[in-house]
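This report concerns only the one structure given below.
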Amino acid sequence: MRDALQAAGFEVSKAPGQGGKRDITVAHFAPRGSVRSAPPGRPRTRGVERRALIIGGGTAGCAAAWALAEQGWDSSVFDRHEEPACEGSGNPAGIFHGVVTPDDGVHARWHRAAALAFAPVARAAVREGVRGAVDGLLRLDPDVPGVDDMAARLRRLGLPPEYVQAVSAPQASLLAGMPLAHAAWFYPGGGWIDPRALAAWYLRRAGASVRWHGGEAVMALRRDGDDWVLLSAQGLELARAPTVVLACAGEAARLAGMDTGIVEPIRGRCRSPMRRRCGCRACHWRARAMCCPRWAGSRSSVPPRSGATTQRPCGLPIMPTT
Ligand SMILES: Cc1cc2nc3c(=O)[nH]c(=O)nc-3n(C[C@H](O)[C@H](O)[C@H](O)COP(=O)(O)OP(=O)(O)OC[C@H]3O[C@@H](n4cnc5c(N)ncnc54)[C@H](O)[C@@H]3O)c2cc1C
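This is the structure we're talking about:
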C-alpha cells in the first residue's frame, strides 16, 4: 500500500497508532511533477484558436457556451430547433441535488462535484430572474433503516452538513410542510430551476462571445486539416472551426462516428444500456425510476414548502405550488 501511495504522488510516513495499534501510515498528497494543464490524452488548449462550434443548444450546450466565454472563447451554437432547450431540457422544472452512496464511489463523487459547482450558478441565475429556488432539497430514502444509520454513514464518509444532512421523518415533514413517512437526505444547496430559462440565461451571460444558430440541424461532422466541418442534410458546409463540442445528447455518438449503442434514448433522456446488465432486482424498476439504484444510488426527491425541494421514490419531483 505504501508503494502504491508513493507511486500515486503521496508522501508516506509512520505515526504512533491508537487503540492497541503500534503505528499507522499517514499519507499527504504531494505530487512531484508539475500539474497537467490538460486531462490525459487531451490536447492542450494553449496556442489553439479560441473558437468552438457547439452542436446542441440544451442546458449542456448553452452552459458550454457560457463556460467557454468565461475562458475568452468565441462559440457558435447550432440546434435543430429555433429556440434553445426544446428537447430533454424543455421541462418546466428540474431538480438538482447531490447523492450519497455507501461506498462514495465515482457516481457519488461526480454528483457531489457537480452539485457543489452548480449551487452558486443556480443562485446567480435565480437572482437574475430565472424561475427556481436554491433553498435545499429533501431526498426520501425508504431503504435506509433509520436516521441514526444515515447520520453514521455521513460521519463515516466525512460529508459536511453544508452539503448533506440526515433528517428524521418529523424533521423532513417540518421542512417539507407536509407529512412524510421516511427519513430523508437534506441537501441545503439543492433545489429546482426552470431549465429552458436557465439555458437562455447561460446564452445571455455569454454575451457577444456566442452566436445562436437556431433551426440548423447538423447531419454530419467531417475533419478537414485542423478544422471540424459541420454539414447540413444536403451536405452543405454550415461552419468550420478547430474545436467542436458535442452537446446533442443522443445524437452525439452518431456524429462522433462512435457505436450509437453506447447511449439509448429513454423517455426524452439518454442513458447507457450498460445499466441493464447489472442484473439486480432493482433494475426491474427502470420503467419507473431513471436508472438502477445500484448503479446510480438513485432515489427520488419534493420542494418543501419552506423552500426546499422533495423527490418521491418513483422519481417524479413534487414541485412547489407557489
Ligand atoms: C421527464 C424528464 C425529467 C427530468 N428531470 C430532471 C431533473 O429533475 N433534474 C435533472 O438534473 N435532470 C432531469 N432530467 C434530465 C435533464 O433534462 C437532461 O439531462 C438535460 O436536459 C440534458 O441536457 P442536454 O443539453 O444534454 O440535452 P438536450 O436538452 O436534449 O439538448 C440536446 C440538444 O441538441 C439538439 N440536437 C440534437 N441533435 C442535433 C443535431 N443533429 N443538430 C442540431 N441540433 C441537435 C436538440 O435539438 C437539443 O436541443 C429530466 C429529463 C426528462 C426527460
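First residue of the sequence shown? That's 485 in my numbering, and the numbers climb one at a time after it.
Ideal Cβ placement from N, Cα and C applies to all residues, glycine included.
Keep in mind that this is a model prediction, so the values were computed, not measured.
Ranked by how close their Cα comes to the Cα of L622, the residues V583, P679, L705 and R639 have V583 in first place. Boundaries for R506: no alpha helix (DSSP H) harbours it, and the DSSP string shows neither H nor E there. With a cutoff of 8 Å on beta-carbon distance, G620 and S573 are scored as not near each other.
Secondary-structure assignment with DSSP links A491 through no beta bridge to anything. Inclusion of S559 and S716 in the CB contact set at 8 Å is not warranted, their separation being larger than that value. Around the CB of G578, 16 or more other CB atoms lie within 10 Å, so the residue is classed as buried. Just so you know, the alpha carbons of R707 and A725 end up roughly 10 Å apart.
Our two residues, R637 and A492, have alpha carbons roughly 27 Å apart in a direct line. Around the Cβ of Q490, a 10 Å sphere holds fewer than 16 other Cβ atoms; the residue is exposed. Look at S559: its beta carbon is at least 7 Å from all of the heavy atoms in ligand 1. With a cutoff of 8 Å on beta-carbon distance, G741 and H565 are scored as not near each other. In this chain, the alpha helix (DSSP H) harbouring G545 covers T543 to E554.
The C-beta distance from R615 to A681 rounds to 6 Å, short enough to meet the 8 Å contact threshold. Straight across, the Cα-Cα distance linking V561 with A683 is about 12 Å.
For A536, the enclosing beta strand (DSSP E) has its first and last residue at R535 to I539. In this structure the segment 534-553 touches the segment 720-739; the number of beta carbon pairs closer than 8 Å is three or more. Proximity of the beta carbon of S573 to ligand 1 is indicated: a heavy atom of the ligand is located closer than 7 Å. Sorting D710, Y647 and G503 by C-alpha distance to the C-alpha of P604 places Y647 at the top. Out of D487, A488, G504 and V510, the CA that lies nearest to the CA of K498 is found in V510. Nearest C-alpha to W550 among A701, D587, L687 and V631: L687. In terms of side-chain proximity, the C-beta atom of H565 is found nearer than 7 Å to a non-hydrogen atom of ligand 1.
Note: F580 is bridge-paired with G675 in the DSSP secondary-structure output. Membership of R623 in any alpha helix (DSSP H) is not indicated; the residue belongs instead to the beta strand (DSSP E) covering L621 to L624. Short of 6 Å from the beta carbon of I508, and not among the five residues preceding or following it, lie these beta carbons of its own chain, in chain order: A499 and G501. Annotation for L720: no residue places its beta carbon closer than 6 Å to its own, counting only its chain and skipping 5 residues before and after. Put simply, of R596, D711 and L705 the residue whose alpha carbon is nearest the alpha carbon of L739 is L705.
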